[in-house]
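Undergrad: Protein chains in written order, with this note's numbering: chain D, 1 to 480; chain X, 1001 to 1426.
Encoded as structure tokens, here's the structure I'll be asking about.
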Amino acid sequence: MRYLRIAIDEAIKLGADYADIRIQKTTEEHIYLEDTNFKENMQAVVYGYGIRVLKNGAWGFAHSNVFTDEAVLKTVKRAFEIAKYSSQLAKGEGIRLASEKSYIASYNTPLKKDPFSVPIKEKTQLMLDISKRMQNYDKIKRTTVYFYSQKDEKLFASTLGTELSINTVLVNPMVSAYAANDSDMQSRTFDDGGKATGWELIESLDFTSIANSVAQEAITKVNAETLGEEARRTLILDHGHLGLTMHESVGHPTELDRVLGWEADYAGVSFATPEKLKNYQYGSPIVNFVGDNTLAGGLATAGFDDDGVPGQKWHIIKDGILQEYSTTRDTAPYIGLDYSRGCNRATYYFDQPMNRIPNLYLLPGKEPLSLSDMISSTEDGVYIQGRGSFSIDQHRVNFQFGGDYFWEIKNGKLFRPLKKVLYRSCNPEFWNSCDAICDERYWKPFGVVNCGKGQPPQTARMTHGAAPSRFRNIRVGGSK
Amino acid sequence: MKEILRKHIDFMQKHAAADDYEITISMSESQDTRFAQNSVTQHIGGDFWQAHYRCTIDKKVGTYSTTLIDEENLLLCIQKAEEIAKNNSPDDDYSPTMKSEKFTERKTYFPSVEKLDTAKMIEIIKKCIDKAEAKNAKVSGILSKQINTKMYVTKNGFVGYEHSSNVEISMTMAAGHIETNIAYGHSDFDRLKIDEILSQIESQFDALSEMKSMDFAPIPVILRPQAVAQLFMHAIWFGFQRKMADQGMTPFTGLIGKKCLGEKLNFRSSISDPDLCPSHFSSALVYKDIDWVKAGVLENLTTSRDWAAKNNLQPCQPYNMIIDGEGLSEEELMKKVPRGLIVNNLWYIRLNDMKTSDFTGMTRDGVIYFEDGKCKHSVNNFRFNEQFIDLTMRILATGKPKQIDSGTKVPPILIDNFNFVDKTTF
């Protein structure tokens, strides 16, 4: 598109040290069914461009959704002026960028069926079928089914000579049932957080089975007992639970912008400071975390980030030791690196990109170990599935998590269902207490589509993943 | 601007063919300057247009929105939404959009915000950085301004227009173990007293100089206004809804009209408060003064138009948050208990259990231990687990309400036996 060239030429003419333009069209579809009533069936298009200029060690970013030559030129000038003003407060050299090559490339999420090409009637009928199946159970008092699809079409150009065309698609189904008895109400949810793929994800899922199990487990849960007083116990956590735990306690603390204090006012900072690199025992020796923006189906997989840096795969924690951060071109130089790991992403065209968690996952155990073997070798503990309450301090040390479905383990067997279980732990206690991880047969991804960060706030998406893992001697109890 | 929006709305109405509909055209002009570690890290400026068309055909809903505001795309917006509606399945709870209704317009736009240019924004941030550097500290935060213009019409005759301004600053000053935040916002930049804000953060910062480790246990706390705002914002978000209560999902089931909360709690929304500059309307209702909790009696819960129509209720929503106070000073609040903690802010509040409104969260931005009516030293942060109704029963006293932003005015609140369950090392 000619606007790319107009913007870059103008930025060079004005004297920008670096500039890029990102033309981005985001199309979202939200279909929300509550019981048998469709409360929302919406498509939203957010289309425009953002121009980023670096001048004298400071950023200026301006955006517009007016597509004319004049508007593009005006937006470049505004970004340039903002950068000049910002540079009045630059310290030392100010912001510098890690080296990067130029690329002419394109990326498209591999898919078979565009979710936006599927007739609405087909989608709503499927959702109604799921809802009605759950409502066949007497104790189910409320059901919700939510299908979310998103398509991002981006064109990117920079003064490095990079020109990119990136098209990504994601699909995310969620199914919930709420069961009630005389004194309580509890819910159970199917939610794997979505995947970068097409409608074939929906077609691959057995929603009859999902609807039945969600409803049955909601009923089991509402009639379950609570755990009682807090005590040190063993936890076995499934992928759907660990996704959020690793997001909060590993993903965010290893974002370099947080480490540098750039998010100190809102999202917070990080305990995982640079002097800990290569020597800090973040987890036990079996704990290996990988950042991987090349992961097939990963929500952060897009070929390149919004700096024009290619997707990469690297160890963030290896054999329990903190190795590297997620980085961007403007954060990496602050710790002496001249390369970025490609983690700069913006939500919409009007957002300035920032350091984001990549696809980040816990590698499976190297020794053969099934979930049933893990449970049978656990004397006394709690098995948690799915995500629930989550809260962590602004340094990413102390945290408390709930879950969606719980079983007490006694003498190597699933003993009784539980509800309202909470556990409290901290870094580095938690990941160092990991003594077993199931093998690769049990590894599953878990998507996050609503990671909030930044001022003004942005929501990013990424995929986590894990095989069921065991943690010893954790404080586990229950809410009142 | 009003004429431009009217023209777009007229065009859309001319082509709208649904049984019922609502159209919103909005324009927002904003500038956000982020700073961190005594330097500017992000700086964003731009305009944002959006058209939103939500329609109903045979009780089937369809919605489409676009950021491209020209006749081709506005027409597409209508066609797409109506196509979605035709192919959707019904919402049996659907209730018609608002009819024509008069409302008293209040001043929501102040030219002082529009006059706040880039040079002035940088000058303000420099002042914050200078203050931090004078204390060998680092300051991080955001200064942002918005001018918003919105026109909203329904097929049933409602027409609303709003032109508003807003300016907000939030900053965290940190050095060593000390970190503390202040945030303030107003519709009028002339009411944003930077020197007073800097003086307050300096005072908070100095109060945290000596820190001692303290173990967790239930203890009286004085939640300062920012902490109170956080707590109640989340409480509303988590379960302050009539439909959920009526369906047995929250602790408020069957409690409307009953004294079920602490009698010192008075919580309301007001269109006429002189310090707050609220919007006049939403897609659900024209805002009117409303009590949510009066002397511990649960008067109302958020009620959607659909649920209100189905159950012969009035729709309502908390469009701003006012908690009335008894006017006690912080010193007077301290003297009400032998010892306790003053909490500047709360953070990461999340629901543990909806039915009991059991929630968790952490302290942030400074915790000060007091004894015998005097501040002694700062302490580490804590985690708490609480239940909302139970917590309000333990309100011992309240202070003088303070405006936090253009939609929030709350007092410091003294709560007995705040249920701390864990501590941090910082």
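Ideal placement from N, C-alpha and C gives every residue a C-beta, glycine not left out.
Using only the alpha-carbon positions, how far apart do tyrosine 1348 of chain X and leucine 244 of chain D sit?
TA: Counted from its first residue, the second sequence places residue 1348 of chain X at position 348. Counted from its first residue, the first sequence places residue 244 of chain D at position 244. Rounded to whole angstroms, tyrosine 1348 of chain X to leucine 244 of chain D spans 14 Å at the Cα level.
Undergrad: Quick one: measure Cβ to Cβ for methionine 1233 of chain X and methionine 1321 of chain X, integer angstroms, because I've assumed they're closer than 8 Å.
TA: Stepping through the second sequence from its first residue, residue 1233 of chain X is reached at position 233. Stepping through the second sequence from its first residue, residue 1321 of chain X is reached at position 321. About 7 Å separates the two Cβ atoms, so the contact holds.
Undergrad: Determine, using beta-carbon pairs with one atom in the segment 311-318 of chain D and one in the segment 280-297 of chain D, whether at least three such pairs fall under 8 Å.
TA: Touching, yes.
Undergrad: If we count Cβ pairs, one from each stretch, closer than 8 Å, do we get three or more for the segment 251-262 of chain D versus the segment 1033-1048 of chain X?
TA: Flag = yes, the segment 251-262 of chain D and the segment 1033-1048 of chain X touch.
Undergrad: Would you decide whether aspartate 1422 of chain X is buried or exposed? Buried here means 16 or more other CB atoms lie within 10 Å of its CB.
TA: Mapped onto the second sequence, residue 1422 of chain X falls at position 422. Per the 10 Å Cβ criterion, buried.
Undergrad: Among the candidates D:Leu295, D:Gly48, D:Lys154, whose CA atom is the shortest distance from the CA of leucine 363 of chain D?
TA: Translated into the one-based positions of the first sequence, residue 363 of chain D becomes position 363. If we check each option's Cα against that of leucine 363 of chain D, D:Leu295 comes out closest.
Undergrad: Tell me which residue opens and which closes the alpha helix (DSSP H) that isoleucine 202 of chain D is part of.
TA: For this step, residue 202 of chain D is matched to residue 202 along the first sequence. Looking at the DSSP string, the run of the alpha helix (DSSP H) that includes isoleucine 202 of chain D is 200-204.
Undergrad: Threonine 301 of chain D: which of D:Lys141, D:Cys426, D:Ser204, D:Pro110 sits nearest, CA to CA?
TA: If you number the first sequence from 1, residue 301 of chain D lands on position 301. Cα-wise, what sits closest to threonine 301 of chain D is D:Pro110.
Undergrad: Have a look at D:Leu322, D:Tyr339, D:Gln323, D:Glu324 and flag the residue whose alpha-carbon is nearest the alpha-carbon of aspartate 330 of chain D.
TA: Position 330 of the first sequence holds residue 330 of chain D. Selected option, being the one with the closest Cα: D:Tyr339.
Undergrad: Got a sec: which bits of the segment 1225-1251 of chain X sit with their beta carbon under 8 Å from any beta carbon on chain D, in order along the chain?
TA: Correct list: Gln1247, Gly1248, Met1249.
Undergrad: Can leucine 418 of chain D and glutamine 400 of chain D be called in contact, C-beta distance under 8 Å?
TA: Along the first sequence, one-based indexing puts residue 418 of chain D at 418. Along the first sequence, one-based indexing puts residue 400 of chain D at 400. For leucine 418 of chain D and glutamine 400 of chain D, no; Cβs fall outside 8 Å.
Undergrad: Quick one: measure Cβ to Cβ for lysine 55 of chain D and alanine 16 of chain D, integer angstroms, because I've assumed they're closer than 8 Å.
TA: The residue labelled residue 55 of chain D in the question sits at position 55 within the first sequence. The residue labelled residue 16 of chain D in the question sits at position 16 within the first sequence. Right, their Cβ atoms sit about 6 Å apart.
Undergrad: Using a Cβ-Cβ cut-off of 8 Å, state whether asparagine 1352 of chain X counts as contacting chain D.
TA: Translated into positions along the second sequence, residue 1352 of chain X becomes position 352. Output row for asparagine 1352 of chain X: interface = yes.
Undergrad: Just reading off the beta strand (DSSP E) that lysine 101 of chain D is part of, what are its end residues?
TA: Working through the first sequence from its first residue, we reach residue 101 of chain D at position 101. It is not in any beta strand (DSSP E) - lysine 101 of chain D carries neither H nor E in the DSSP assignment.
Undergrad: Measuring only the C-alpha atoms, how far is leucine 1341 of chain X from alanine 1174 of chain X?
TA: Numbered from 1 along the second sequence, position 341 holds the residue referred to as residue 1341 of chain X. Numbered from 1 along the second sequence, position 174 holds the residue referred to as residue 1174 of chain X. Roughly 21 Å separates the two Cα atoms.
Undergrad: Is alanine 1132 of chain X close to chain D? Criterion is C-beta to C-beta, closer than 8 Å.
TA: To locate residue 1132 of chain X, count along the second sequence from 1; it is residue 132. Answer no: the Cβ-Cβ gap between alanine 1132 of chain X and chain D never drops below 8 Å.
Undergrad: Specify the secondary structure class of methionine 354 of chain D as computed by DSSP and reduced to three states.
TA: Taking the first residue of the first sequence as position 1, residue 354 of chain D is located at position 354. Here methionine 354 of chain D sits in strand by DSSP.
Undergrad: Could you confirm whether any beta carbon from chain D is found closer than 8 Å to the beta carbon of tryptophan 1307 of chain X?
TA: Looking up residue 1307 of chain X in the second sequence gives position 307. No, no contact with chain D.
Undergrad: Closest by CA to leucine 1231 of chain X, which one among X:Ile1044, X:Ala1397, X:Thr1425, X:Leu1391?
TA: The sequence position of residue 1231 of chain X within the second sequence is 231, counting from 1. Residue X:Leu1391 is the option with its Cα nearest to leucine 1231 of chain X.
Undergrad: For methionine 1 of chain D, count the other beta carbons within 10 Å of its own beta carbon; 16 or more makes it buried, fewer makes it exposed. Which is it?
TA: Counted from its first residue, the first sequence places residue 1 of chain D at position 1. Burial call: exposed.
Undergrad: Considering only heavy atoms of the ligand MG, does any lie closer than 7 Å to the CB of lysine 419 of chain D?
TA: The ligand MG is not part of the structure shown, which contains no ligands of any sort.
Undergrad: Is the distance from the Cβ of asparagine 450 of chain D to the Cβ of cysteine 426 of chain D below 8 Å?
TA: Counting from one through the first sequence, the residue named residue 450 of chain D turns up at place 450. Counting from one through the first sequence, the residue named residue 426 of chain D turns up at place 426. No, these two residues do not count as a Cβ contact at 8 Å.
Undergrad: Quick one: measure Cβ to Cβ for isoleucine 384 of chain D and leucine 235 of chain D, integer angstroms, because I've assumed they're closer than 8 Å.
TA: In the first sequence, the residue the question calls residue 384 of chain D occupies position 384. In the first sequence, the residue the question calls residue 235 of chain D occupies position 235. The pair is a contact, with the Cβ atoms about 6 Å apart (cut-off 8 Å).
Undergrad: Less than 8 Å between the C-beta atoms of leucine 1301 of chain X and phenylalanine 1240 of chain X, yes or no?
TA: Within the second sequence, the letter at position 301 stands for residue 1301 of chain X. Within the second sequence, the letter at position 240 stands for residue 1240 of chain X. Against a cut-off of 8 Å, the Cβ pair of phenylalanine 1240 of chain X and leucine 1301 of chain X comes out as a contact.
Undergrad: Residues of the segment 1036-1056 of chain X with a CB closer than 7 Å to any CB of chain D: list them in chain order, please.
TA: Those would be Ala1036, Gln1037, Asn1038, Ser1039, Val1040, Thr1041, Gln1042, His1043, Ile1044, Gly1045, Gly1046, Asp1047, Phe1048, Trp1049, in chain order.
Undergrad: With 8 Å set as the bound, which would you pick, yes or no: does the beta-carbon of leucine 111 of chain D sit closer than that to a beta-carbon of chain X?
TA: In the first sequence, the residue the question calls residue 111 of chain D occupies position 111. It does not: the Cβ of leucine 111 of chain D has no partner Cβ on chain X nearer than 8 Å.
Undergrad: Considering only DSSP beta bridges, list what arginine 1054 of chain X is partnered with.
TA: Within the second sequence, residue 1054 of chain X is the residue found at index 54, counting from 1. Arginine 1054 of chain X pairs with X:Glu1022, X:Thr1063.
Undergrad: Taking the alpha carbon of glycine 1373 of chain X as the reference point, which residue from X:Val1113, X:Met1362, X:Glu1332, X:Ala1119 has its own alpha carbon closest?
TA: Here the question's residue 1373 of chain X lines up with position 373 in the second sequence. It is X:Glu1332 whose Cα lies nearest to the Cα of glycine 1373 of chain X.
Undergrad: State buried or exposed for proline 1274 of chain X, treating a residue as buried only when at least 16 other CB atoms are found within 10 Å of its CB.
TA: Translated into positions along the second sequence, residue 1274 of chain X becomes position 274. Classification for proline 1274 of chain X: exposed.
Undergrad: Kindly indicate which residue of D:His252, D:Asp257, D:His247, D:Ala7 has the alpha-carbon position closest to the one of glycine 193 of chain D.
TA: Locating residue 193 of chain D in the first sequence gives position 193, counting from the first residue. Minimum Cα distance to glycine 193 of chain D is reached at D:His247.
Undergrad: Short of 7 Å Cβ to Cβ, which residues in the segment 33-67 of chain D face chain X?
TA: Answer set for the segment 33-67 of chain D: Asn37, Phe38, Lys39, Glu40, Asn41, Met42, Gln43, Ala44, Val45, Val46, Tyr47, Gly48, Ala58, Trp59, Gly60, Phe61, Ala62, His63, Ser64, Asn65.
Undergrad: What does methionine 1393 of chain X touch in chain D if you count any residue whose Cβ is under 7 Å from its own?
TA: Position 393 of the second sequence, counted from the first residue, corresponds to residue 1393 of chain X. Ordered by position in chain D, no residue passes the 7 Å Cβ test against methionine 1393 of chain X, which lies about 14 Å from the chain.
Undergrad: Under 8 Å between C-beta atoms, does glycine 402 of chain D make it to chain X?
TA: One-based indexing of the first sequence puts residue 402 of chain D at position 402. It does: the Cβ of glycine 402 of chain D has a partner Cβ on chain X nearer than 8 Å.
Undergrad: Quick one: does lysine 1080 of chain X have its CB under 8 Å from some CB of chain D?
TA: Reading the second sequence from its first residue, position 80 is the one you call residue 1080 of chain X. Yes, lysine 1080 of chain X counts as interfacial toward chain D.
Undergrad: I'd like to confirm the pairing. Which residues does DSSP put opposite glycine 1141 of chain X in its beta bridges?
TA: What you label residue 1141 of chain X is simply residue 141 of the second sequence in a count that begins at 1. Glycine 1141 of chain X is bridged to X:Phe1035, X:Met1171.
Undergrad: Got a sec, what are the start and stop residues for the beta strand (DSSP E) isoleucine 474 of chain D sits in?
TA: As a working mapping, residue 474 of chain D is identified with position 474 in the first sequence. Looking at the DSSP string, the run of the beta strand (DSSP E) that includes isoleucine 474 of chain D is 469-478.
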